[in-house]
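Peer 1: First the structure, which I've put down as structure tokens, then a few questions once you've had a look.
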Amino acid sequence: MAVRWGILGCAGIAEKFCASVSRADNAEVAAVGSRSMEKAEQFIAENCPGAKAYGSYQELLTDASIQAVYIPVPTTLKTDLALEAISAKKHILIEKPLINVTDTQKMIDACKSQGVQFMDNTMFVHNARQLAMRKILDDSERFGRVKHVQSTFSIDLGNDENWAKNNIRMKKSLEPLGCLGDLGWYNIRFTLWAYNYALPTSVSCRYVECTDEGVPTHVMAQMCFEGGRTASFMCSFTSAFRDNAEVFGEKLSLSLEDFVVTSALDTAPFKVVKTGFGSKAETFPVEFKDEEVQCGVQHTAVVEAFSKTVLSGIDETWPRQTLDTQTVLDAMVLSASHDGAWLQVTR
18 MAVRWGILGC
28 AGIAEKFCAS
38 VSRADNAEVA
48 AVGSRSMEKA
58 EQFIAENCPG
68 AKAYGSYQEL
78 LTDASIQAVY
88 IPVPTTLKTD
98 LALEAISAKK
108 HILIEKPLIN
118 VTDTQKMIDA
128 CKSQGVQFMD
138 NTMFVHNARQ
148 LAMRKILDDS
158 ERFGRVKHVQ
168 STFSIDLGND
178 ENWAKNNIRM
188 KKSLEPLGCL
198 GDLGWYNIRF
208 TLWAYNYALP
218 TSVSCRYVEC
228 TDEGVPTHVM
238 AQMCFEGGRT
248 ASFMCSFTSA
258 FRDNAEVFGE
268 KLSLSLEDFV
278 VTSALDTAPF
288 KVVKTGFGSK
298 AETFPVEFKD
308 EEVQCGVQHT
318 AVVEAFSKTV
328 LSGIDETWPR
338 QTLDTQTVLD
348 AMVLSASHDG
358 AWLQVTR
């Protein structure tokens, strides 16, 4: 049985969602809603032929045959639209980031009340590579205790004058969290994943570069966890394209060059690294063990996992991970407003 999906909005990222659904056996795009019927029809013709077009979001939400909706609208518009969809008893897959913890909790509570699933569209956590890496990190005898996580997620599109002027990611009215929300969300989620979703005790965050409106375009952040464990990351719209991460244990480290979006559709590599001392410490020999996980397309894995919960029952893991990520994100926004001051993180 295939879950019937509706898409609320025709943003460019929704095109990728259609491609993801097309590979899933348990899902189909059945409807697309837009503020313009013409735009919905054009989107369908190009991305999901056969779906039904609606000239408003509200019309789609009244379609009782639609079980789940994907919400790719700008961050400042997500809460109200999501609450409308939840009231219509639609399961919710929503793009990240969300605007704040208060609104996130409001959406999660509404989903629980209506008996529908809530999940954010963080793709990499559904990749089979995460399970393979988890086994290594949990092997304390081999890897040791995780001590530090560092990651970078940067794109260079902000250096293009046209992109910087017109892309919604640079507009405070639509995406006020800038690169911290758009990219840093993944850095935070990866760090939380590495630490088995323990929250940091404190964070420090600096907006190194911002637009004239104050939208962050280059960010540096640090986290402290209980037991002397730490994390750091950089996210940017104005630096060379990178999405790499490394987890440091007491004995080994684990690194990957594509932690957000894999460099290939059906494989996902990572390395286990051990560095030692050479003779007289004149060299530091490095041993790499290359691992490669055979996996499906991670964007499709999200759709499959979500559709499975629609058919089999609610999974509270996903809203909890969203709330934890947003909690850390909110703390970083507050820290940045205080010139990077270290602030405590509380649920």
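Numbering (the numbering used here), first residue to last: 18 to 364. Where is the CB? At the ideal position from N, CA and C, for every residue including glycine. These figures come from a predicted structure and were not determined experimentally.
Going by beta-carbon coordinates alone, are Ile207 and Ser168 separated by less than 8 Å?
Peer 2: In the sequence as presented, Ile is not what sits at residue 207; that position holds Phe. It is a contact, given that the beta carbons lie within the stated cut-off.
Peer 1: What residue range is occupied by the uninterrupted beta strand (DSSP E) comprising Glu304?
Peer 2: Counting along the chain, the beta strand (DSSP E) containing Glu304 begins and ends at 303–311.
Peer 1: Skipping 5 residues on each side, what residues in its chain have a beta carbon closer than 8 Å to that of Val90?
Peer 2: Excluding positions up to five away in sequence, the list reads Leu25, Gly26, Ala28, Leu98, Glu112.
Peer 1: Could you compute how far the alpha carbon of Ile185 sits from the alpha carbon of Arg259?
Peer 2: Cα to Cα, the separation comes out at about 21 Å.
Peer 1: Can you tell me whether Thr279 is buried or exposed? The criterion is at least 16 other CB atoms within 10 Å of its CB, across all chains shown.
Peer 2: Buried, since its Cβ has 16 or more Cβ neighbours within 10 Å.
Peer 1: Could you give the distance in angstroms between the alpha-carbon of Thr119 and the alpha-carbon of Val303?
Peer 2: Cα to Cα, Thr119 sits roughly 46 Å from Val303.
Peer 1: Counting Cβ pairs, one atom from each stretch, are 3 or more of them under 8 Å apart for the stretch 213–228 and the stretch 123–142?
Peer 2: Short answer: they don't touch.
Peer 1: Rounded to whole angstroms, what's the CA-CA distance from Gly295 to Phe301? Just pull it up for me.
Peer 2: For Gly295 and Phe301, the distance between alpha carbons rounds to 5 Å.
Peer 1: Buried or exposed for Arg337, going by 16 or more other Cβ atoms inside 10 Å?
Peer 2: Under this definition Arg337 is an exposed residue.
Peer 1: Judging by CA-CA distance, which residue of Gly313, Phe305, Leu194, Ser270 is the nearest neighbour of Asn155?
Peer 2: First, the residue type needs correcting, since residue 155 is Asp and not Asn in the sequence shown. Per the Cα distances, Ser270.
Peer 1: Taking the beta carbon of Thr139 as the centre, do at least 16 other beta carbons fall within 10 Å, making it buried, or is it exposed?
Peer 2: Its Cβ being crowded by 16 or more others within 10 Å, Thr139 is buried.
Peer 1: Have a look at Cys241 and Ala281 and give me their C-alpha separation to the nearest angstrom.
Peer 2: Cα to Cα, the separation comes out at about 33 Å.
Peer 1: On the CB-based measure, 16 or more other CB atoms within 10 Å of its CB, does Asn64 come out buried or exposed?
Peer 2: The residue in question, Asn64, is buried, as its Cβ has 16 or more Cβ neighbours within 10 Å.
Peer 1: When the Cα of His143 is compared with those of Cys196, Trp210, Ile331, which residue comes out closest?
Peer 2: Checking every option, the nearest Cα to that of His143 belongs to Trp210.
Peer 1: Span of the alpha helix (DSSP H) holding Leu273?
Peer 2: Not the alpha helix (DSSP H): Leu273 falls in the beta strand (DSSP E), residues 270–273.
Peer 1: By Cβ distance, which residues of its chain are closer than 8 Å to Asp283, with the 5 residues on each side in sequence left out?
Peer 2: Closer than 8 Å at Cβ, skipping near neighbours: Gln311, Cys312, Gly313, Val314.
Peer 1: Once you ignore the five residues that flank Gln361 on each side, which residues in its own chain have a CB closer than 6 Å to its CB?
Peer 2: Excluding residues within five positions, the ones whose Cβ falls inside 6 Å are Ser219.
Peer 1: Going by C-alpha distance, which of Ala238, Lys325, Ala358 is nearest Ala85?
Peer 2: Comparing Cα-Cα distances from Ala85 to each of Ala238, Lys325, Ala358, the minimum goes to Lys325.
Peer 1: At the level of alpha carbons, what is the spacing between Ala19 and Asp42?
Peer 2: So the alpha carbons of these two residues sit roughly 7 Å apart.
Peer 1: How about Val236 and Ser37: are their beta carbons less than 8 Å apart?
Peer 2: Against a cut-off of 8 Å, the Cβ pair of Ser37 and Val236 comes out as no contact.
Peer 1: Using alpha carbons as the reference points, say which of Thr255, Leu78, Gln59 lies closest to Glu178.
Peer 2: Among Thr255, Leu78, Gln59, the Cα nearest to that of Glu178 belongs to Thr255.
Peer 1: In whole angstroms, what separates the C-alpha of Pro114 from that of Gly198?
Peer 2: Spanning the two alpha carbons is a distance of roughly 5 Å.
Peer 1: Check whether the Cβ of Val90 lies closer than 7 Å to any heavy atom of the ligand GDP, and answer yes or no.
Peer 2: Only the bare structure without any ligand can be found here, which leaves the ligand GDP out of the picture.
Peer 1: Let's test the definition: count the other Cβ atoms within 10 Å of the Cβ of Lys95 and tell me whether it reaches 16, buried, or not, exposed.
Peer 2: The residue is buried, with at least 16 neighbouring Cβ atoms inside 10 Å.
Peer 1: Rank Phe265, Asp356, Thr93 by C-alpha distance to the C-alpha of Asn117 and give the top, closest one.
Peer 2: That would be Thr93, whose Cα lies nearest to the Cα of Asn117.
Peer 1: If you follow the beta strand (DSSP E) that Ser249 is part of, which residue opens it and which one closes it?
Peer 2: It spans 246–253 - the beta strand (DSSP E) in which Ser249 sits, taken as one unbroken run.
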